[in-house]
Amino acid sequence: MNRRVVITGIGVMAPGGIGTKEFWELLSDGRTATRRISLFDPAQFRSQVAAEIDFAPEEHGLTAREVRRMDRAAQLAVVAARQALEDSGIDFDRMNPHRTGVTIGSAVGATMGLEEEYRVVSDDGREWLVDHRYSVPHLYGYLVPSSFAAEVAWAVGAEGPVALVSAGCTSGIDSVGHAVELIREGSADVMVAGAADAPISPITAACFDAIKATTPRNDDPEHASRPFDDSRNGFVLGEGAAVLVLEELTAARRRGAHIRAEIAGYATRSNAFHMTGLRPDGKEMAEAIRAALDEARLDAGDVDYVNAHGSGTKQNDRHETAAFKRSLGAHAYEVPISSIKSMIGHSLGAIGSIEIAASALAIENDLVPPTANLRHPDPECDLDYVPITAREWRTETVLTVGSGFGGFQSAMVLTNPDRRDR
Amino acid sequence: MNTSVIVTGFGVTAPNGLGTRDYWSATLAGRSGIDRVSRFDAGRYPSRLAGEVSGFAAADHLPSRLLPQTDHMTRLALVAAELALADANVSPGDADSYGMGVVTASSAGGFEFGQRELQNLWRHGSRHVSAYQSFAWFYAVNTGQISIRHGMRGPSGVVVTDQAGGLDTVAQARRLIRKGTDLVLAGGVDGSICPWGWVAQMAGGRLSRCDDPGRAYLPFDARAAGHVPGEGGAILVLEDAEAAARRGAGPGYGEIAGYGTAFDPRPGSGGAPALPRAMELAVRDAGLSPGDIDVVFADGAAVPALDRIEADAITAMFGAGRVPVTVPKTMTGRLYAGGAALDLATALLCLRDGVIPPTINVTPEAAYGLDLVTRRPRTAPVRTALIVARGEGGFNSAMVVRRPDDE
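What follows is the structure, given as structure tokens:
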């Protein structure tokens with residue numbers, strides 16, 4: 001009766017890591033992909049650092065028309081979805097499209113495409129009554145980002161439940177959590193689920209500048225993302241996508257699929273406190289963690305690795321540390337915790353799915369990726385954040401968490417499915 | 001055994017009425033909220049009509065500190081949420097805060113706010129961008145602001161499925177309640193009636209260019225030539241029926257009895273439209289057969305090819321002219337993520353009063369084979385309603401609601 005959901009395919013488009021192999025090598029080596037922004041001239045901005053992908057969509061099989069009509073984030077989503085499909089080994093021509101669905105998470109949608117088109121129709125902000133004669137036909141698809149989910153559905157041939165999920169920076173966890181639920185309740189047998197964001201644009205940079213959320217460490221871009229370090233002073237904006245193929249466990253086993261990990265528990269809570277602020281006690285994130293572990297029927301002590309949100313802002317890293325202590329108790333001091341945002345930046349809604357991919361790979365490889373650039377820990381962040389170097393570590397259960405504007409706090413538990421059967 | 005999920009209250013912000021009483025009396029009287037755009041000078045654009053929530057002064061409803069940080073549509077959403085809680089007689093402060101969630105639909109976020117900040121950036125430079133831009137325009141803003149205002153800390157989220165979103169969020173709320181959350185605020189309030197949003201909507205190619213409010217949005221009419229966009233929507237209070245009974249809430253407006261969603265095949269692939277499948281899934285999920293459905297609230301795209309698909313889906317399921325069909329959004333315009341949520345609230349009022357609101361201005365094209373309720377409301381014993389919603393790109397959703405005493 002209880003349908004269990006497993007990951008059978010992974011596709012990743014991350015800074016410094018195009019494809020799962022390159023992505024995992026970057027994380028295992030503890031290399032950083034942060035650099036001075038090249039996607040636009042950042043001279044006028046407080047923060048001039050980002051984690052960018054060297055991405056030529058044509059090289060990934062997108063046609064000229066697809067490139068023209070899709071925002072960069074949608075392009076990344078479609079490429080990652082195709083990778084995931086190939087990785088899964090599913091013969092999609094033999095799938096029942098009605099039983100196959102798509103969920104894509106995104107925090108800011110087609111923000112790059114919208115800004116480019118805005119500049120044209122407004123003549124760089126000179127006209128409030130913008131000129132429709134200069135607009136492009138695919139502008140509606142930029143306006144409403146459910147077009148991302150539609151593009152992925154077309155790419156994989158899904159005709160079941162299809163949606164975009166947008167809960168700020170937890171979108172990537174919530175999108176996958178939603179997909180898991182659809183398989184469990186029987187609304188779909190296969191879900192192609194993930195998230196994408198491509199926010200490295202002037203308007204996004206300006207809005208994070210305005211609240212000093214991003215780091216001004218412009219003189220040392222490679223070491224700019226410093227989660228849990230005493231010298232951290234903001235996050236580094238990133239971009240990317242990760243898409244997973246999710247299947248019901250027995251069906252996956254029946255077709256001899258390579259099962260990467262099981263998604264055993266998921267929960268989300270709101271802090272109902274502030275659109276951008278966090279209360280230092282981490283109560284709501286702790287509640288989400290507890291609920292996710294409950295759903296997985298696991299105890300705090302079962303967690304072998306915590307993939308942290310670890311954005312590198314002053315308030316987040318303390319908030320999160322408090323949440324781990326509150327939810328995991330004494331085990332919080334024993335379990336390795338790390339933030340891959342130290343290497344690939346914070347790609348807003350996308351990062352949650354990228355971190356789920358990293359969590360599955362940690363289980364598969366028994367290796368915990370490090371927190372790069374962590375040389376002088378904040379005394380208030382006094383847990384084991386696996387500084388600088390990856391750690392070989394028996395990893396069967398991973399907790400991954402996210403925290404987002406709007407007050408969203410999400411947690412997901414991944415396990416080695418064989419462990420649960422033993 | 002699945003928990004029964006009921007609607008115990010809702011709040012309406014519609015172009016033809018702010019608040020349920022005004023909206024419902026206008027709707028039964030066939031009074032339209034469609035008029036010339038007033039929020040900006042639309043004279044230069046080929047489309048010039050909209051359904052605006054007229055007479056809405058945010059400062060009358062919301063604390064002044066919320067005004068600088070919110071887009072117009074978020075202010076409407078906050079008011080709808082407050083009306084909904086009052087209607088359901090819920091005081092969130094009294095309840096377990098983790099037992100209450102918020103799920104809203106969005107299409108474009110706070111787009112007018114976003115246009116202003118884009119202009120500040122490109123006209124004046126990055127230092128002129130508002131500190132509120134980081135959240136005032138994004139898609140999650142309404143859920144975030146509602147959860148903060150009412151202290152709701154349970155599972156929450158945002159669904160973007162273009163104009164099907166209003167139903168998809170209610171389905172998600174039902175899912176959350178079945179998993180153990182007692183109460184979820186769900187629905188959608190939307191709108192991007194600003195020049196930049198207008199131009200982006202026009203690019204979709206479905207806006208009517210007619211200047212006559214009485215002829216601009218005519219679904220299932222031979223003269224159909226696109227729709228009029230609008231703003232507003234509805235937020236509903238959904239509860240576990242048992243939890244509602246425990247707090248003495250009564251049976252509510254009705255039960256969310258069934259839901260189905262299906263996505264169209266890739267354009268150009270020649271596959272059949274998915275709308276009939278979404279409708280069948282919803283009716284089956286409700287444990288009903290088509291003959292049990294008393295009224296259909298149609299999507300009513302007013303694009304001939306889309307009207308044809310919907311009419312065929314209805315006649316295939318029920319037989320030609322066998323079920324009353326109505327499109328009250330002819331009085332409001334299409335409210336994007338808010339539209340289907342408002343249709344759902346309207347369907348619940350229809351169940352309550354046993355009266356089907358009319359589709360105004362339309363002369364039904366006979367070839368569609370629909371029993372369209374036109375001109376005047378129709379009195380009928382209504383136990384169940386099917387609501388249909390579609391979003392651009394291939395989204396199709398359908399929902400069945402059932403009157404409380406018809407279990």
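Chains as they are written, first to last, in the UniProt record's numbering: chain A, 1 to 422; chain P, 1 to 407.
The C-beta atom is built at its ideal place from N, Cα and C for all residues, glycine as well.
Quick caveat: nothing in here was measured; it's all calculated off a predicted structure.
Residue i classed as buried or exposed, judged by whether at least 16 other C-beta atoms fall within 10 angstroms
i	result
A:Y333	exposed
A:P161	buried
P:P155	buried
A:L26	buried
P:L67	exposed
P:A224	buried
P:E52	buried
P:T363	exposed
P:A59	exposed
A:Y134	exposed
Between the CA atoms of residue j and residue i - distance to the nearest angstrom
i	j	result
P:T330	A:N373	59 Å
A:R126	P:G191	24 Å
P:L236	A:I337	40 Å
P:M1	P:G260	Unreliable placement is indicated for P:M1, whose pLDDT of 49 sits below 50; the coordinate value is still reported in the next sentence. Their backbone Cα atoms lie some 19 Å apart in a straight line.
A:Q83	A:P15	16 Å
P:A347	P:V401	8 Å
A:N416	A:I263	9 Å
A:V335	A:S166	30 Å
P:I360	P:R375	6 Å
A:K325	P:L76	40 Å
residue 425 of chain A	A:A241	Residue 425 of chain A falls outside the range modelled here, since chain A spans only 1 to 422, and no answer is possible.
P:E231	P:T74	11 Å
residue 456 of chain P	P:A316	Nothing about residue 456 of chain P can be reported from this structure: the residues present for chain P run from 1 to 407 only.
P:E82	A:D220	49 Å
P:Q115	A:A205	16 Å
A:A213	A:R31	23 Å
P:Q172	P:L288	21 Å
Local conformation of residue i per DSSP, three classes
i	result
P:P328	helix
P:S54	coil
P:Y45	coil
A:T120	Thr is not the amino acid found at residue 120 of chain A; the sequence shown has Val there. Of the three classes helix, strand and coil, the one that applies to A:V120 here is helix, per DSSP.
A:P370	coil
residue 475 of chain A	For residue 475 of chain A there is no data in the structure shown, the boundaries of chain A being 1 and 422.
P:A286	coil
P:V141	helix
P:P364	strand
A:Q409	strand
P:S397	strand
P:Q201	helix
A:M275	coil
P:S64	helix
P:Y336	helix
A:E262	strand
A:D418	helix
P:H150	helix
A:H346	strand
A:Q315	helix
Cutoff 8 Å: residue i Cβ touching any chain B Cβ
i	result
A:A167	Judged by its chain identifiers, the structure shown contains no chain B, and its protein chains are A and P.
Item checked: Residue ranges of each alpha helix (DSSP H) within the region 61-89 of chain A, 4 or longer -> 64-69 and 72-88
Next item on the list: Just list the beta strand (DSSP E) runs in the region 203-243 of chain P, keeping only unbroken ones of 3 residues or longer that don't cross its boundaries, in chain order.
Entry: Here the runs fully enclosed are 232-240.
Checklist line | Length-filtered (3 minimum) beta strand (DSSP E) runs lying within the region 378-406 of chain A | finding: 397-404
Next item on the list: Pull out every residue of the region 257-274 of chain P whose Cβ sits closer than 8 Å to any Cβ of chain A, in chain order.
Entry: T261, A262, F263, D264, P265, R266, P267, G271 and A274
Margin query: To be precise: take each residue of the region 87-106 of chain A, compare its Cβ to all Cβ atoms of chain P, and keep it if any distance is under 9 Å. Which residues remain?
Written below: Taking 9 Å as the Cβ-Cβ cut-off against chain P, the residues of the region 87-106 of chain A that qualify are P97, H98, G101, V102 and S106.
Margin query: Please list, in chain order, the residues of the region 389-406 of chain P that have any C-beta partner in chain A closer than 8 Å.
Written below: G391, E392, G393, G394 and F395
Checklist line | Residues from the region 44-55 of chain P in contact with chain A, defined by Cβ distance under 8 Å | finding: R44, Y45 and P46
Note to self: By the 7 Å beta-carbon criterion, what residues does the region 354-372 of chain A contribute toward chain P?
What the structure shows: none
Next item on the list: For the region 257-284 of chain A, enumerate the residues whose C-beta is nearer than 8 Å to any C-beta of chain P, in chain order.
Entry: Residues of the region 257-284 of chain A that bring their beta carbon within less than 8 Å of a beta carbon in chain P comprise A267, T268, R269, S270, N271, A272, F273, H274, M275, T276 and E284, in sequence order.
Next item on the list: Taking only beta carbons into account, state which residues of the region 366-391 of chain P come closer than 7 Å to chain A, listed in chain order.
Entry: G391
Next item on the list: Counting only runs of 3+ residues fully inside the region 159-226 of chain A, write out the beta strand (DSSP E) ranges in chain order.
Entry: 162-165 and 190-197
Checklist line | Every unbroken alpha helix (DSSP H) inside the region 11-58 of chain A [4 residues or more] | finding: 20-29
Item checked: Runs of alpha helix (DSSP H) lying entirely within the region 1-36 of chain P, each at least 4 residues, in chain order -> 20-28
Check: In the region 68-128 of chain P, which residue ranges form an unbroken alpha helix (DSSP H) of at least 4 residues, counting only runs that do not cross its ends?
Finding: 72-88 and 111-119
Item checked: the region 192-214 of chain A: positions lying closer than 8 Å to chain P by Cβ -> Taking 8 Å as the Cβ-Cβ cut-off against chain P, the residues of the region 192-214 of chain A that qualify are P202, I203, A205, A206, C207, F208, D209, A210, I211 and A213.
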